[in-house]
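Residue numbers (my numbering): 205 to 411.
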């Protein structure tokens, strides 16, 4: 299903985004999509079925967050099939990632993906975000299409170190929210090759 043309599409997209990944990483990213297709037949991980769309919507879209990652640890809340968490973990093997979701089927898939891809820097978590209490707080929280912004801020502050970053991927710009526990840093417009939909990254710093 996936061939060299899809890897070339990925590498071309990364270049357009100004991102440089080694060949072994792009190979792992395509292998991850192969696993998604295989498990999707049973676990309904994604409605996206076309390989070209999977490259742009799953890989390039996830990796657009890469330049904004902060610190040495990241928790991806509502990760689903591991998006954006697994692509980010492949691109940043030096960083520790926790991938949290309340759906046990999806966290089982993530666990298997980590085994097959040899990802040592990922911990799958079958938890609810509001009740999960980490032993160590995280430097970055990522969220893609998880929940509305006010709810996301309320549910994630306890996960972040002071000065840590919340990175929320949104299809539309959102207004700044005034809170005592977060500082609004702004909204970055993301350019995703071959993706016509609007994509924005809403950034907050934990106080």
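Note that beta-carbon positions come from the ideal geometry of N, C-alpha and C, so glycine has one too.
The closest CA to that of residue 280, considering only 336, 404, 322, is found on 336. Under DSSP, no beta-bridge partner is assigned to residue 368. Distances from the CA of residue 298 to each of 268, 411, 229 were compared; the closest alpha carbon is that of 229. For residue 294, there is no enclosing beta strand (DSSP E); the enclosing alpha helix (DSSP H) has its first and last residue at 289-295.
Contact between the segment 252-260 and the segment 389-401 is present: three or more C-beta pairs spanning the two stretches fall below 8 Å. If you check the CB distance, residue 402 and residue 375 come in under 7 Å. For residue 265 and residue 373, the gap between their C-alpha atoms comes out near 9 Å. In terms of Cβ geometry, residue 304 and residue 331 form a close pair [threshold 7 Å].
According to the DSSP secondary-structure assignment, residue 210 is paired through a beta bridge with no residue. The three-state secondary structure of residue 253, taken from DSSP, is coil. A distance below 7 Å separates the beta carbons of residue 294 and residue 233.
Under the 10 Å beta carbon count, residue 317 is surrounded by 16 or more other beta carbons and is classified as buried. Non-local beta-carbon contacts of residue 276 in its own chain, meaning distances under 7 Å to residues more than five positions away in sequence, involve 299, 300, 343 in chain order.
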